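Its first residue numbered 3, the sequence shown is counted upward by one per residue in the numbering used here.
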Amino acid sequence: MKARTKFLIGGLLVLGSAGFLMASSIKETGQYYLTPGELAAKVSRDPSFRESGVKVGARVVPGSIKRDPGGRSLTFDMTDGQQTYAVAYRGIAPDTFTDGVDVIVEGRLGSDGTFRATTLLAKCASRYENAPDKYKSTPGYQAPGTQRAPVPGARA
């Protein structure tokens, strides 16, 4: 066998192995999440789907968050505008978890229609909002659309 042929075969084996590893790692980490409407459709087609672990992405219904006095568990409703599910979560909620925020929950849908979440992720806001009034008196606060006053002695 010629050296060139051996080199080509070796190169193809290396490239094939690398491609296989990349494809399998993407399949494991590139998980898709369902909306509540998609979850409802899957459960209506196959009731055994309730027993499957799944990720669901939705928005927290404003006013639905109820926290345990101990702070370790909470319940809330999530919706995509078509379907709404009650969610029960035990654990510490992220700091960004509030009314109306987009969330991704991972867990199982119970037979009572409550989604039992084992993981709760709150998406970050896509835009910054004005500071609350209580922060407007803090040193260094600058109202949106205004220019800072020049610092005395600084070059312009």
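Cβ atoms here follow ideal geometry from the backbone N, Cα and C, with glycine treated the same way.
In this text the structure is predicted, and so the values were computed from the model without any measurement.
A direct Cα-to-Cα measurement between residue 75 and residue 24 gives close to 38 Å. Cβ atoms of residue 116 and residue 95 stay farther apart than 8 Å, at about 17 Å. When DSSP states are grouped into helix, strand and coil, residue 24 belongs to the helix group.
Exclusion of the five residues before and after residue 124 leaves 96, 98, 99, 103 and 105 as the residues of its chain whose Cβ lies within less than 7 Å of its Cβ. Within its own chain, the residues whose Cβ lies closer than 6 Å to the Cβ of residue 121, once the five positions on either side in sequence are excluded, are 108, listed in chain order. Using a Cβ distance threshold of 8 Å, residue 68 and residue 77 count as a contacting pair.
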